[in-house]
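Working notes, structure below.
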Amino acid sequence: MTSHHDIAVDAAPIAPPVTVQVVRPARRWLPYIWLLPFAALFLLFQVAPLVWVLVGSLQTPDGVGFAHYRAIWDSPFYRQSFGNSLKIGLWSSLLGLAIATLGAAALRHSSERVRRVMLAFVTMTGNFSGVPLAFAFIIVLGVNGALTLLLRQWGVIEGFNLYSGSGLILIYTYFQIPLALLLLYPAFDALQDDWRDAAALLGASRARYVWHVALPVLTPALLATFIILLANAVGAYASAYALTTGNFNLVTIRIASLVSGDIFLEPNLAAALAVWLMAALTLVTALNQWLIRRAQRFKEAAHG
C-alpha cells in the first residue's frame, strides 16, 4: 500500500540541471577591444587638436602667456568678427527654427506618404551646403542672377546684396531649415491629439492651445535645436568664404586667414581665436541647459 507521502514524492518533478556559463577573461574584454579603434580616432581627431589649440594659444614669442587673448580682446577688428558671426548665427537660427517649426507641425498632420517623401527631400537638401550652395545662390540671387533681375524689374529687391550680411543670413537660413526640421519632427510626437480636442471642448482657441499646451511641451526641444543651429551657423566657413572670398569679417574666416594666409601666418593667434569661440559657444550652451531645466521644472509644477 502506497502512502500519500510516497505519492507526493513520486509526483515531484525532477529539477533540470543548472548550467553555469563561465565567461573567459578574453571574452569579457572583447567589447572594449572593439572600441579601441573608435577611441583612437576620438583621441586623434578630437582630443589631440583640442589640446594643441589650448597649448598653442598660450605660446607667445616671449614664452607662455595670455598675450594672444589680450590682443583679440583689445582689437576692434576681431571683436567685430565675433559680433558678425553671432549676429548672422542668431538671425539664421531664429528664422530657420521658425520655418522648421511650422514645417514640422504641418508634417505631423500630413499623410504617411507625404511625410516619407518630405523627410527624404529634407535629408537630401540638408547635405547641400558649402561651395555648391554658395554657387547656386550666386546664380539665382547674385548681382546678375536670374531671380535678382526679375525681382529688380518689379522693384522688390532694390537694395538687396547677396554678398553682404543679409545675403549670408539668407544662405545660412537655407541650410539651417533642414537640420532644424529633422531635429524638431520627432519632438512633435509628444503632442497628443486628445489634448487639442480637450482644449477645444473647454472653449480654448487654437492660439491658446498652442501657447498654453503645445509650446510648453516643445520648449526643451526648441531651445536645444536653437543651440545646435547657432553652433552650426557660427562654425560655418565654406559657404561664407565661397560667397565673399574671405572679405566678410567672420571668426571662422579670420581663423582660416591666420592659419593659411600668405601674408599673416599666426597659428597661435588663430588658436586663441578658436578658444574664444569655444568659450562663447560653451556659455551659450550652459545658458540653454539652464533654460531647459527651468522649463522642465515649470512644466512639472504646472502638472503637479
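Counting from 100, one number per residue, gives the positions in the sequence shown under the working numbering.
C-beta: ideal position from N, C-alpha, C; glycine also.
In chain order, what residues of the same chain lie with their CB nearer than 7 Å to the CB of residue i, ignoring the 5 residues before and after it?
{"i": "V316", "result": "A289, L290"}
{"i": "S192", "result": "Q275, F325, L328, L329, A332"}
{"i": "T153", "result": "The question names Thr, yet the displayed sequence has Leu at residue 153. V374, listed in sequence order."}
{"i": "I106", "result": "Residue confidence for I106 is low, a pLDDT of 47 falling below 50, so the modelled location carries little weight and cannot support an answer."}
By how many angstroms is the C-alpha of residue j removed from the C-alpha of residue i?
{"i": "A370", "j": "G345", "result": "19 Å"}
{"i": "S210", "j": "V216", "result": "10 Å"}
{"i": "Q252", "j": "G302", "result": "49 Å"}
{"i": "I268", "j": "A298", "result": "38 Å"}
{"i": "T200", "j": "R392", "result": "21 Å"}
{"i": "Y308", "j": "V213", "result": "25 Å"}
{"i": "L283", "j": "P319", "result": "10 Å"}
{"i": "N387", "j": "I352", "result": "26 Å"}
{"i": "L142", "j": "G162", "result": "27 Å"}
{"i": "P285", "j": "V358", "result": "40 Å"}
{"i": "L261", "j": "S174", "result": "28 Å"}
{"i": "Y271", "j": "L140", "result": "30 Å"}
{"i": "F144", "j": "A138", "result": "10 Å"}
{"i": "I237", "j": "L364", "result": "30 Å"}
{"i": "T384", "j": "A235", "result": "32 Å"}
{"i": "T343", "j": "G229", "result": "12 Å"}
{"i": "D296", "j": "R305", "result": "10 Å"}
{"i": "L300", "j": "V312", "result": "14 Å"}
{"i": "Q395", "j": "A341", "result": "42 Å"}
{"i": "T381", "j": "G334", "result": "13 Å"}
{"i": "L246", "j": "F259", "result": "12 Å"}
{"i": "Y336", "j": "R127", "result": "45 Å"}
{"i": "W310", "j": "P277", "result": "25 Å"}
{"i": "R178", "j": "G266", "result": "21 Å"}
{"i": "I132", "j": "L314", "result": "45 Å"}
Which residue comes first and which comes last in the alpha helix (DSSP H) that contains residue i?
{"i": "E211", "result": "211 to 225"}
{"i": "F141", "result": "129 to 141"}
{"i": "H167", "result": "166 to 173"}
{"i": "I256", "result": "Unbroken run through I256: none, as it is neither H nor E."}
{"i": "V242", "result": "Note, V242: premise wrong, no alpha helix (DSSP H); not H, not E."}
{"i": "W294", "result": "292 to 300"}
{"i": "N348", "result": "Where N348 is concerned, there is no enclosing alpha helix (DSSP H), given that its DSSP letter is neither H nor E."}
{"i": "L329", "result": "314 to 333"}
{"i": "A279", "result": "264 to 283"}
{"i": "V150", "result": "147 to 156"}
{"i": "L342", "result": "337 to 343"}
{"i": "A306", "result": "305 to 308"}
Just to confirm, is the Cβ distance from residue i to residue j under 8 Å?
{"i": "L376", "j": "V350", "result": "yes"}
{"i": "S356", "j": "A233", "result": "no"}
{"i": "I256", "j": "L248", "result": "no"}
{"i": "G164", "j": "N367", "result": "no"}
{"i": "F287", "j": "A170", "result": "no"}
{"i": "F181", "j": "A379", "result": "yes"}
{"i": "G195", "j": "A323", "result": "no"}
If you drop the 5 nearest sequence neighbours on each side, which residues of the same chain put their C-beta closer than 8 Å to that of residue i?
{"i": "G264", "result": "N183, K186, I187, F347"}
{"i": "L281", "result": "L218, V221, T222, G225"}
{"i": "S102", "result": "With a pLDDT of 49 at S102, under the threshold of 50, the modelled position of that residue is not reliable, and no figure is offered here."}
Less than 6 Å between C-beta atoms, sequence neighbours within five positions excluded: which residues of the same chain meet that for residue i?
{"i": "Y168", "result": "A371"}
{"i": "L189", "result": "none"}
{"i": "Q56", "result": "Residue 56 cannot be examined here, being either before or after the span of the chain that is shown, 100 to 403."}
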